[in-house]
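Undergrad: In our numbering, each residue's number is its place in the sequence shown (first place is 1) plus 20.
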Amino acid sequence: MLEVMIEEDGKPLRTVTVERFPCRIGKARDAEVALAGWRVGRVHAEIHRVGRSLKLVDLGTLGGTLVNGDRVVEYGPLSERDQIAIAGYRLRVYGDALRLPPGSRHATMMSGPALQPTTAESIGHPPAGGQAGSGAGSDRDGAATRAAQAAEPSPVPERLAALPWRRLVHRRLLEQIDLRRSNLSQFSPEQLRAEVQQAVEGIVADLEALPAGIDRGALVRDTLDEAIGLGPLEPLMADGDVTEIMVNGAVDVFVERHGRLERVDAAFSDDVAIRNVIDRIVAPLGRRIDEASPLVDARLPDGSRVNAIIPPVALKGPTLTIRRFNRAVLSPQSLVALGSATMAMMAFFGICVQERKSIVVSGGTGSGKTTLLNVLSNLIPESERLVTIEDAAELKLRHEHLVSLEARPPNAEGRGAVTIRDLVRNALRMRPDRIIVGECRGAEALDMLQAMNTGHEGSLTTLHANTPRDALSRLEVMTLMAGVDLPVAAIREQIASAVDLIIHQSRFRDGTRRITSVTEVTGIESGRVQTQELFRFAQSSSGVVSIRGCHVAAGAVPAFYEDLAARGVVLDFGIFREDAGAGA
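#1: Between which two residues does the beta strand (DSSP E) carrying residue 329 extend?
#2: Near residue 107, what residues of its chain come up, given a Cβ to Cβ distance below 8 Å and the 5 sequence neighbours on each side ignored?
#3: Locate the beta strand (DSSP E) running through residue 559, then write down its first and last residues.
#4: Which of the three DSSP states, helix, strand or coil, is assigned to residue 339?
#5: So, with DSSP's three-state summary, where would you put residue 133?
#6: Alpha carbons only, please: which of 342, 331, 555, 333 is nearest the one belonging to residue 321?
#7: Compute the beta-carbon to beta-carbon distance between residue 520 and residue 379, rounded to the nearest angstrom, for a pair I have assumed lies under 8 Å.
#8: For the alpha helix (DSSP H) containing residue 389, name the first residue and the last one.
#9: Could you spell out the range, first to last residue, of the beta strand (DSSP E) harbouring residue 525?
#10: When DSSP labels each residue in this structure, what does residue 128 get in the three-state scheme?
#11: Using the DSSP secondary-structure output, state which residues sit across from residue 43 in a beta bridge.
#12: Would you check if the distance between the CB atom of residue 351 and the CB atom of residue 392 is smaller than 9 Å?
#13: With a Cβ-Cβ cutoff of 9 Å, do residue 454 and residue 478 count as a contact?
#14: Once the 5 residues before and after residue 264 are set aside, which same chain residues still bring their CB inside 6 Å of it?
#15: Tell me the DSSP bridge mates of residue 569?
#16: Express the C-alpha separation of residue 297 and residue 33 in angstroms, rounding to a whole number.
#17: In chain order, what residues of the same chain have a beta carbon less than 6 Å from the beta carbon of residue 182, not counting five sequence neighbours either side?
#18: Can you tell me whether DSSP reads residue 473 as helix, strand or coil?
#19: Closer than 6 Å by C-beta to residue 128: which residues in its own chain qualify, once you throw out the five before and the five after it? Chain order, please.
#20: For residue 402, does the count of other Cβ atoms within 10 angstroms reach 16, so buried, or fall short, so exposed?
#21: Return the Cβ separation of residue 25 and residue 91 in integer angstroms, given the expectation that the two are a contact with Cβ distance under 8 Å.
#22: Would you tell me roughly how many angstroms separate the C-alpha atoms of residue 588 and residue 257, rounded to the nearest one?
#23: Output the residue ranges of the beta strand (DSSP E) runs that lie fully inside the segment 396-455 and measure 3 residues or longer, sorted by chain position.
#24: List the DSSP bridge partners of residue 543.
#25: Straight-line CA distance for residue 303 to residue 439?
#26: Mapping the DSSP letters down to three states, classify residue 281 as helix, strand or coil.
#27: Run the CB neighbour count on residue 75, radius 10 Å, all protein chains shown included, and call it buried at 16 or more, exposed below.
#28: Pick out whichever of 417, 473, 484 has its Cα sitting closest to the Cα of residue 406.
#29: Can you list the beta strand (DSSP E) stretches of 3 or more residues lying completely in the segment 60-115, in chain order?
#30: Can you pull the DSSP bridge partners for residue 272?
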């Protein structure tokens with residue numbers, strides 16, 4: 021059995037149940053799906069059953085048949101995500117035959133050329149009416165049947181089936197309440213939600229044709245979230261295990277849980293709904309996103325970072341990426357429990373921070389650099405005055421004597437920008453004991469090195485790099501970006517005297533994040549910055565599910581440990597022995 025949902029502007033949504041194939045679509049009296057209008061052919065198109073899947077065939081009509089915006093002659097296998105457009109009508113089909121196996125993607129991912137979406141331009145002429153799919157096409161249908169039978173169908177989420185109804189409810193809601201009225205700012209969030217919820221509940225109650233399989237309560241909740249909140253992302257934002265949310269399209273939503281990417285059944289009603297959510301995020305911040313400025317970075321009230329891109333830059337529609345703000349403040353013990361480091365390593369880091377050693381945390385995107393920076397920063401004595409500088413405020417420090425600064429992008433006119441470098445320069449006038457920069461990306465690296473060399477030892481920062489040696493090279497390049505005419509030898513002297521320790525963090529294929537190298541900067545010789553590795557992660561097995569290994573000492577003792585011992589500081593030199601390992 022197949023259900024065809026028919027949507028036409030200005031008219032109620034209707035559903036037709038089809039029990040025999042081929043299913044004819046047109047204005048003929050005996051058509052299973054009856055449409056009206058001079059642009060609709062007598063039998064405009066047909067839906068054929070091909071094994072366990074369905075194929076749409078246009079019968080050579082003048083107006084043509086569109087699937088997802090492209091004019092087609094044949095298209096399959098049909099999915100519940102596909103929108104069929106015929107002469108002003110929008111059709112979606114639902115049923116067991118449409119439930120594709122996980123990971124399959126419409127026709128382009130299926131074997132057999134007959135199931136490829138074919139544009140009219142690539143054919144050159146339309147097929148004769150009623151003859152589509154005959155001849156050689158029958159052989160291709162047989163191949164498609166075998167391919168379809170090889171895949172076991174999986175259920176499509178209920179929310180996906182409710183998308184057309186959610187779109188209808190939202191459209192009727194807009195007719196009752198103008199969500200863009202300026203006086204809505206007079207409402208508190210609670211009052212606004214109550215008013216909109218009452219309207220949505222009334223609209224849903226009036227939907228007599230709503231199929232019994234669609235939960236009315238869920239329809240109300242999803243429409244409400246999409247109208248005044250983050251739509252289908254609201255439950256994901258409430259999930260503490262979700263660290264990142266990625267919206268690639270209306271029905272293509274992915275999340276990161278425990279370091280692994282997975283697809284979720286959340287879905288927007290259409291691209292307009294995604295755009296509305298983006299506007300809702302950036303408007304309170306005084307930012308705008310449009311064709312002239314199609315990229316925007318923003319922050320949610322809870323501190324989560326947001327990046328949005330819209331057409332024409334985003335070719336397939338608006339995209340949205342949200343990096344969740346972790347409310348929990350991790351401790352050194354937390355990192356040890358997660359396997360990121362050992363207690364011996366964390367004790368060593370504590371001594372480095374207490375003794376005002378300048379530290380650079382390096383690593384790739386999403387490797388946990390900011391999390392480690394936060395843990396190290398909380399090891400700084402409470403009595404010191406700290407100035408933190410970030411692009412988007414993420415650090416959560418417990419210090420009483422703390423000043424937090426955040427960079428600001430330019431406004432719509434391109435004015436008013438406050439860069440990280442501006443803030444680093446200003447921080448030097450604020451009498452800080454230490455400066456903590458969330459991430460060095462450019463010319464601010466020069467100012468940071470100068471600060472570390474001029475009485476602000478023990479400062480910390482992060483940067484993107486693949487190895488500790490790459491981190492030193494990146495510092496050189498970023499210093500050159502400041503536009504100061506300094507020889508490379510002088511820059512390397514600055515780096516060697518300013519940076520004491522590089523902690524490199526990596527994200528593995530199994531989703532875990534670990535410190536993979538702890539490297540001391542020992543000086544400069546023959547124009548090259550000298551380093552020695554103190555700890556490293558020794559990987560013993562590799563796999564997608566789990567990567568095993570342990571942290572081990574490299575057998576080298578930090579040069580500054582001798583000075584600390586001479587001053588009477590009690591130290592454990594045994595943690596650096598190769599036979600002792602890093603867990604001693």
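Beta carbons are placed, not taken as given, at the ideal position from N, Cα and C, and that holds for glycine. Note that the structure is a prediction, hence the values are computed from the model and not measured.
TA: Inspection of the coordinates gives the following:
#1: As a working note, residue 329 is residue 309 in the sequence shown. It spans 325-329 - the beta strand (DSSP E) in which residue 329 sits, taken as one unbroken run.
#2: As a first step, residue 107 is located in the sequence shown; it is residue number 87 there, counting from the start. 55, 57, 59, 60, 64, 83.
#3: Working through the sequence shown from its first residue, we reach residue 559 at position 539. Element bounds for residue 559: 548-561.
#4: Within the sequence shown, numbered from 1, the residue matching residue 339 stands at position 319. Taken through DSSP and simplified to helix, strand or coil, residue 339 comes out as strand.
#5: For the purposes of this step, residue 133 is identified with residue 113 of the sequence shown, where counting begins at 1. Residue confidence is low: residue 133 scores 35 on pLDDT, short of 50, so the model does not pin down where it sits. No coordinate-derived value is stated.
#6: Against the sequence shown, residue 321 aligns to sequence position 301. The candidate whose alpha carbon is nearest that of residue 321 is 342.
#7: Taking the first residue of the sequence shown as 1, we reach residue 520 at position 500. Taking the first residue of the sequence shown as 1, we reach residue 379 at position 359. Contact flag correct, Cβ pair sits at about 7 Å.
#8: Here residue 389 is taken as the residue at index 369 of the sequence shown, counted from 1. First-last of the alpha helix (DSSP H) with residue 389: 389-397.
#9: Mapped onto the sequence shown, residue 525 falls at position 505. Run containing residue 525: 521-527, per the beta strand (DSSP E) assignment.
#10: Counting from 1 along the sequence shown, the entry for residue 128 is found at position 108. Low confidence applies here, because residue 128 scores a pLDDT of 32, under 50, leaving its location unreliable and the question unanswered by this model.
#11: Within the sequence shown, residue 43 is the residue found at index 23, counting from 1. Answer is 67, bridged to residue 43.
#12: The residue you call residue 351 lines up with position 331 of the sequence shown. The residue you call residue 392 lines up with position 372 of the sequence shown. Not in contact: residue 351 and residue 392 (Cβ atoms no closer than 9 Å).
#13: Your numbering for residue 454 matches position 434 in the sequence shown. Your numbering for residue 478 matches position 458 in the sequence shown. Cβ atoms of residue 454 and residue 478: closer than 9 Å.
#14: In the sequence shown, counting from the first residue as 1, residue 264 sits at position 244. These residues qualify, in order along the chain: 276, 343.
#15: Here residue 569 refers to the residue found at position 549 when the sequence shown is read from its first residue. DSSP output for residue 569 lists 559 as bridge partner(s).
#16: Taking the first residue of the sequence shown as position 1, residue 33 is located at position 13. Taking the first residue of the sequence shown as position 1, residue 297 is located at position 277. If I take the Cα positions, the gap works out to 25 Å.
#17: As a first step, residue 182 is located in the sequence shown; it is residue number 162 there, counting from the start. Closer than 6 Å at the Cβ level, and outside the excluded window around residue 182, lie 234, 239.
#18: Looking up residue 473 in the sequence shown gives position 453. For residue 473, the three-state secondary structure derived from DSSP is helix.
#19: Here residue 128 refers to the residue found at position 108 when the sequence shown is read from its first residue. Model confidence at residue 128 stands at a pLDDT of 32, short of 50, so the residue's coordinates are unreliable; what they give is reported in the following sentence. Here the set comprises nothing.
#20: As a position in the sequence shown, residue 402 is number 382, starting the count at 1. Result: exposed.
#21: Locating residue 25 in the sequence shown gives position 5, counting from the first residue. Locating residue 91 in the sequence shown gives position 71, counting from the first residue. Actually they are not in contact, since the Cβ atoms of residue 25 and residue 91 sit about 21 Å apart, beyond 8 Å.
#22: Numbered from 1 along the sequence shown, position 568 holds the residue referred to as residue 588. Numbered from 1 along the sequence shown, position 237 holds the residue referred to as residue 257. Going from the Cα of residue 588 to the Cα of residue 257 covers about 51 Å.
#23: 406-410, 422-426
#24: One-based indexing of the sequence shown puts residue 543 at position 523. According to DSSP, which records beta bridges pairwise, residue 543 is partnered with 550.
#25: Reading the sequence shown from its first residue, position 283 is the one you call residue 303. Reading the sequence shown from its first residue, position 419 is the one you call residue 439. Using only the alpha carbons, I get a separation of about 22 Å.
#26: Working through the sequence shown from its first residue, we reach residue 281 at position 261. DSSP places residue 281 in strand when its eight states are reduced to three.
#27: Counting from one through the sequence shown, the residue named residue 75 turns up at place 55. Buried, since its Cβ has 16 or more Cβ neighbours within 10 Å.
#28: For this step, residue 406 is matched to residue 386 along the sequence shown. Answer by Cα proximity: 417.
#29: 65-70, 73-78, 85-87, 90-92, 104-106, 109-114
#30: For the purposes of this step, residue 272 is taken as the residue at position 252 of the sequence shown. Answer is 269.
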